[in-house]
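Contents: one structure, followed by commentary.
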Amino acid sequence: MKEEVLFSNRLPPEFVAWLQRWFNLHLVIWLLSLACFIAAWNRGLALLYGLSALALSLLLISHLMPRLQLRGIRVERSPLGDLTAGSDGGLAYRITSQGRRYHLQLVDQLPFADAQQTLFVSRCDGAIETHAMFHCELRGRFLLQQITLRSAYPFGVVNHSRQISTDPLEVLVLPQVYDLQEIPLPITADANSDGDLPIPQLGGQDQFAAVREYVQGDSLRYIHWRASARRQELVVKEYERSDRPVLLVALDCRALFNHGEGARTTFEYAISIAASMIHYVSRQGMQSILVTDNGAWHDRVIPAYSADLYDVYAFLATLESNGSQSSAELIEQAVVKFPQANLITGFRLKDDGVLPALAPYLTHVDIEMDAESFLFPMRSDQTSGQLRQGNRLIYPVNALTSLQELFQ
Amino acid sequence: MKLASLKVVYWYSMVSAVAAGAVLFAYLGFLGALLGSILMMPLTHFILVLVARVDEENNPYLKTSEQIAAMGIVFFLPMIILYGILPALLVFIGFAHLALLFQTHDYRRLYMGLAVGFTALIAGAVESKSGVYLFFFLAYAVTISITLGYAYIEPLSNNRSKWSPLDQLRAAAWLIGVAIVIYLIVPRFPAGNLGAIPGSDHFYESQEWEQEAKQDQGNGADEDPAKSLLQELADNFDSEGSNRTPDRSAERSSSESPFRYRGFDYEMDIDNPDRDGDRFSNAIVAHVRADRPLYLRARIFDRFDGLRWYSSALQLNKLKLSRGEIELQPATLRSAKHKTERYEVFIERDLGDYIPAAAVPVKVNFPATVMGVDAFGQLHSPGTLKSGTAYAAESLRTYHKGRTFAETDYVELPNFTQLPKDLDPRIIELSKGVAEPYDNQFAKAIALEQFLRNNYDYDFDSIFTSQQHTPLSRFLFETKKGHCEYFASALAIMLRTQGIPSRLVTGFSATNQNPLTGYYDIYALDGHAWVEAYVDEIGWLELEPTAYYDGPAVDNETLSADQINDYVERQLRLQDAMGDSEFSLEMIMTALWQAGYIIITWVGGYLKLFFINTWPWLTGIGAILLCAWMLWPQVAPRWYAYQIRRRLLSAKVVSTDEAVANHLQAIDDLLRNAGYHRPAGLTIEKLLDRLMALEIPLRADDISHEFNHLNYSDHKIEVDLAHYSQLFDSLYALGHPMLRQRINDMQ
Numbered sequence: 015m016k017e018e019v020l021f022s023n024r025l026p027p028e029f030v031a032w033l034q035r036w037f038n039l040h041l042v043i044w045l046l047s048l049a050c051f052i053a054a055w056n057r058g059l060a061l062l063y064g065l066s067a068l069a070l071s072l073l074l075i076s077h078l079m080p081r082l083q084l085r086g087i088r089v090e091r092s093p094l095g096d097l098t099a100g101s102d103g104g105l106a107y108r109i110t111s112q113g114r115r116y117h118l119q120l121v122d123q124l125p126f127a128d129a130q131q132t133l134f135v136s137r138c139d140g141a142i143e144t145h146a147m148f149h150c151e152l153r154g155r156f157l158l159q160q161i162t163l164r165s166a167y168p169f170g171v172v173n174h175s176r177q178i179s180t181d182p183l184e185v186l187v188l189p190q191v192y193d194l195q196e197i198p199l200p201i202t203a204d205a206n207s208d209g210d211l212p213i214p215q216l217g218g219q220d221q222f223a224a225v226r227e228y229v230q231g232d233s234l235r236y237i238h239w240r241a242s243a244r245r246q247e248l249v250v251k252e253y254e255r256s257d258r259p260v261l262l263v264a265l266d267c268r269a270l271f272n273h274g275e276g277a278r279t280t281f282e283y284a285i286s287i288a289a290s291m292i293h294y295v296s297r298q299g300m301q302s303i304l305v306t307d308n309g310a311w312h313d314r315v316i317p318a319y320s321a322d323l324y325d326v327y328a329f330l331a332t333l334e335s336n337g338s339q340s341s342a343e344l345i346e347q348a349v350v351k352f353p354q355a356n357l358i359t360g361f362r363l364k365d366d367g368v369l370p371a372l373a374p375y376l377t378h379v380d381i382e383m384d385a386e387s388f389l390f391p392m393r394s395d396q397t398s399g400q401l402r403q404g405n406r407l408i409y410p411v412n413a414l415t416s417l418q419e420l421f422q
Numbered sequence: 006m007k008l009a010s011l012k013v014v015y016w017y018s019m020v021s022a023v024a025a026g027a028v029l030f031a032y033l034g035f036l037g038a039l040l041g042s043i044l045m046m047p048l049t050h051f052i053l054v055l056v057a058r059v060d061e062e063n064n065p066y067l068k069t070s071e072q073i074a075a076m077g078i079v080f081f082l083p084m085i086i087l088y089g090i091l092p093a094l095l096v097f098i099g100f101a102h103l104a105l106l107f108q109t110h111d112y113r114r115l116y117m118g119l120a121v122g123f124t125a126l127i128a129g130a131v132e133s134k135s136g137v138y139l140f141f142f143l144a145y146a147v148t149i150s151i152t153l154g155y156a157y158i159e160p161l162s163n164n165r166s167k168w169s170p171l172d173q174l175r176a177a178a179w180l181i182g183v184a185i186v187i188y189l190i191v192p193r194f195p196a197g198n199l200g201a202i203p204g205s206d207h208f209y210e211s212q213e214w215e216q217e218a219k220q221d222q223g224n225g226a227d228e229d230p231a232k233s234l235l236q237e238l239a240d241n242f243d244s245e246g247s248n249r250t251p252d253r254s255a256e257r258s259s260s261e262s263p264f265r266y267r268g269f270d271y272e273m274d275i276d277n278p279d280r281d282g283d284r285f286s287n288a289i290v291a292h293v294r295a296d297r298p299l300y301l302r303a304r305i306f307d308r309f310d311g312l313r314w315y316s317s318a319l320q321l322n323k324l325k326l327s328r329g330e331i332e333l334q335p336a337t338l339r340s341a342k343h344k345t346e347r348y349e350v351f352i353e354r355d356l357g358d359y360i361p362a363a364a365v366p367v368k369v370n371f372p373a374t375v376m377g378v379d380a381f382g383q384l385h386s387p388g389t390l391k392s393g394t395a396y397a398a399e400s401l402r403t404y405h406k407g408r409t410f411a412e413t414d415y416v417e418l419p420n421f422t423q424l425p426k427d428l429d430p431r432i433i434e435l436s437k438g439v440a441e442p443y444d445n446q447f448a449k450a451i452a453l454e455q456f457l458r459n460n461y462d463y464d465f466d467s468i469f470t471s472q473q474h475t476p477l478s479r480f481l482f483e484t485k486k487g488h489c490e491y492f493a494s495a496l497a498i499m500l501r502t503q504g505i506p507s508r509l510v511t512g513f514s515a516t517n518q519n520p521l522t523g524y525y526d527i528y529a530l531d532g533h534a535w536v537e538a539y540v541d542e543i544g545w546l547e548l549e550p551t552a553y554y555d556g557p558a559v560d561n562e563t564l565s566a567d568q569i570n571d572y573v574e575r576q577l578r579l580q581d582a583m584g585d586s587e588f589s590l591e592m593i594m595t596a597l598w599q600a601g602y603i604i605i606t607w608v609g610g611y612l613k614l615f616f617i618n619t620w621p622w623l624t625g626i627g628a629i630l631l632c633a634w635m636l637w638p639q640v641a642p643r644w645y646a647y648q649i650r651r652r653l654l655s656a657k658v659v660s661t662d663e664a665v666a667n668h669l670q671a672i673d674d675l676l677r678n679a680g681y682h683r684p685a686g687l688t689i690e691k692l693l694d695r696l697m698a699l700e701i702p703l704r705a706d707d708i709s710h711e712f713n714h715l716n717y718s719d720h721k722i723e724v725d726l727a728h729y730s731q732l733f734d735s736l737y738a739l740g741h742p743m744l745r746q747r748i749n750d751m752q
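Those protein sequence lines, which keep their order, are chains A and B. Reading the first sequence from the start, the letters are residues 15 to 422 in this note's numbering. Reading the second sequence from the start, the letters are residues 6 to 752 in this note's numbering.
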């Protein structure tokens, strides 16, 4: 390969760097060719001229062939399923060429993946499909419209690369969603100690709300036999409890709230926490409400038992830190607009003392983020536990906090 | 990157085997090559597999590698003294390759090994004089193309690459095809001959000659040794031929090689049949490396009695060589009108005691302590030349009116104009008729030469069929066909009838250049006779009366295609001259070989025709393309920038949204053209923030505000297009180099 050096790397680094830059296989072949040509000229021998021609041919082909290989190639991408930050995902590539092509390298700079993706296609007879698997790092909406093609066909001596435009592909990487085991629930009026929180239950004396599919663990008491017989599958009765928690998440989209780099920022953590909480409460049959201000007020009500949260995740995926209202401001407006919400989740920085004014019957889950830890993660320790101040539950979060265990 | 691919190991072993086989073929022949390849292949494979199993940091074979390298150095020094630099270098390369194998953990060492193998192939090519070496080239081209290909793709595909044999051969075919085209069209320049002294297998010594040489030096003989002998000969000349001394050929007979050409006896019988009675065996007698075709003189004959030619120059002047080198005429005495040519001769079959050399030898590197020079300047060895003898010489050649001359000085010797007593008067009449229209000796000589070339045929069989009678009249007036001695004798005598001094020269025609090796192959049939005539006080004009031969050319063909063409023509002419031969495997091989040559020649010929007819155009187009290629990186971005601006200005827009989109697209294109590729998903705020670093006037807040409203809000606001056009104009006004510079600084 062109970058291969022909000297030991147990040499002074500067010298090695110089060698790596200038003394490669390509140069060695040039030097051999020149030496051979000089020897041929000096001795006037046809065999040496022949060897010199062979070396020159090697160089000529190494320079020309990769350029020819990269002509007339089209690449189309398509995602392999949903892409989620923090998870593995894949993209399918369809390569079409005018004629046969050999030894193609596709280098795709995916802004949301952990590293550039390099694919190798040994031979393409007009069209070929391949795929790349990678780890998604960043959520967001990304437009992919360029890709780098490389070829050093056939001898690997000269690597030629070319950036080509592809059909634009908008890739949506959903935010990372943690499989939370529990979340704080509204503090009951008669609760007299920290942690004395009501447990949501099926059934009870509440008003019948709907039926849903039976899941393992549901009591047989609540099976709706008639409906089950009608639908030919087990369904259970669901009841609307008057004190059933309604989660309200107020996401701070201000640039002021965004500290850190890449996927490890206060803003990204907040989005993941919000998505994870919504996922949890939805699974538990609770309603949730998301309010944000990313340039404009935005709210979204997610009904209980929503099986498809894609739209919410997609919305969260596209959020940018360009809002103007803090969580506290959002909460104050949201509780007016959504009086049923009783579990109010907000985010603030550790040094931000502004809190929303909430009625005492509302439970305030206050996610307190340590901005400095996002800037200097190595200086932080993992946080754990919660603090309770009246109806306010404070959950400190820093860059090393395990979000999956945030509420445990 | 760690070398862990068995495919690469296998093909690298093949390359090593081919390189080893090629080198051994050059020195030891086919059997050596076969054995070497068979041994090298598994040895390389075994060592590489062994090394692949161990960790580089704890390589137990490192010491073995160092010991092998040390052995190479130990062998190198005595090899230089015993066999010369090239064999010593090859042995060293062999050891170095073996030592390197024990350290070949990764691809860079593999590439280094390939480079070492290529160097060995170069060294073998220097030694080899056989076209068969070309097969090793082909094998090497195939194996190295596959090895390099696998070395490229195996790491990319985690050593699970799929490369079909047909595709492998396709790559190899490209390599070979392009190499052939380059080989055909690359011009051949005259050889530099820097430090080129061939190594000889034999060394010649004679105590007696050395004693004589000391005596000559003691007598103060510092003038031209040949000239003094010739002067002595002229002074003692007896016009009746009484100074003729007995034939010394019998007493100094060389070996009875079947390739020994009888014409090189001291007395040459022009109608000498094949005394052994065998069919003529046209084997290679010697190779010559030279820049142009040469006629190598062995003997010069001055007297003709109607049947035989005799040489008066029997006495030798003995000369001592200094470290195998002798200068027969100091460079300071050479005339500016002369041209010096250096060449090397490699003897392949035992010859006589003459040293074939082109006229006029002035410096010789010969493996002997002493050598002899006769009155006509011809060189003699202390013993008969053995196969494997190699020597180099420099000769002076004079050019005049497109013809070559030998010596330019003249010592008048009556024998140069002597005629047989019973010369057929028709010969005098014929010569007169041909030469009379011309008024100078040069023109007369050329006319007589051309007369013979154009009116008489070459007859190969005449070498064997002529009997012990003078065939001159029969040749000129009856059969009108014969071999070179007939032609040469006829011309020499015809010249003398016109008063032009002449002499008959025998030697070798080194005009048959093997296009594969570059050497001039001298076959037995290239033993030849020609004529030198002293004309117009210019010098001894070389004349070639036999149409079958081309004569010593002034220049050689510079293109390989031409050389191949000439070679094929000569081969076909030889086939034609030798007539039908028996059906044999050799004949089939020769026919296939020639068919291949003809195909290459055909392709080469058309390529040459194309280049000859179009070279001014091709040169012009090439120069333009070269300039364009060099200037393109400078010009292209400016051109693209201009196009972006032109496109923007000429775009027909119907709405503000569209105009803003066009401007943003143009800004994006301009930035990309200058090397800034906007990351996908970058917000307008961040983009503008980065553009601030370019130090251009920019209303970032307004632009981002308007952009966000346009794209993300239903609430329409009034957009000022001037913000965008100002941004574009600012970027464009910077100019491409400045913009690129600032973007580089920004990144």
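Note that beta-carbon positions come from the ideal geometry of N, C-alpha and C, so glycine has one too. These numbers come from a predicted model, not from an experiment.
In chain A, which residues lie less than 8 Å from residue i when you measure between Cβ atoms?
i: I158(B); result: H117, F134, S136 and G170
i: E690(B); result: N336
i: T522(B); result: L59, A60 and L61
Skipping 5 residues on each side, what residues in its chain have a beta carbon closer than 7 Å to that of residue i?
i: S244(B); result: Its pLDDT being 46, under 50, S244(B) is placed unreliably by the model, and nothing is read from it.
i: S320(A); result: S296
i: I722(B); result: E711 and H714
i: A646(B); result: L675, N678, Y737 and H741
Round the Cβ separation of residue i and residue j to the nearest angstrom and send it over; I've been treating them as touching at under 8 Å.
i: R294(B); j: R176(A); result: Contact flag wrong, Cβ pair sits at about 47 Å.
i: L265(A); j: A284(A); result: 6 Å
i: H343(B); j: T403(B); result: 6 Å
For a contact defined as C-beta to C-beta under 9 Å, what are the partners of residue i on chain A?
i: L180(B); result: L68, S71, L72, I75, P168 and F169
In chain order, what residues of the same chain lie with their CB nearer than 6 Å to the CB of residue i, ignoring the 5 residues before and after it?
i: L180(B); result: A146 and S150
i: N198(B); result: R347
i: D429(B); result: S478
Taking C-beta pairs closer than 7 Å, name the residues in chain A that residue i reaches, listed in chain order.
i: W168(B); result: S136
i: I127(B); result: C50, A53, L62 and L65
I need the straight-line Cα distance from residue i to residue j, nearest angstrom please.
i: E237(B); j: A538(B); result: 21 Å
i: I52(B); j: G26(B); result: 18 Å
i: I178(A); j: R226(A); result: 51 Å
i: T110(A); j: F148(A); result: 23 Å
i: Y327(A); j: K167(B); result: 42 Å
Using the Cβ count rule (16 or more neighbours within 10 Å means buried), how would you classify residue i?
i: Q159(A); result: exposed
i: M383(A); result: buried
Got a sec? Which residues, its chain only, sit under 8 Å from residue i by beta carbon, not counting five neighbours each side?
i: G118(B); result: Y17, S21, H102, L105, L106 and T109
i: E28(A); result: none
If the cut is a Cβ gap below 8 Å, which residues of chain B does residue i touch?
i: V305(A); result: Those do not exist, as V305(A) stays about 17 Å from chain B at its closest Cβ, beyond 8 Å.
Please list, in chain order, the chain B residues whose beta carbon lies closer than 9 Å to that of residue i.
i: L46(A); result: A120, F123, T124 and I127
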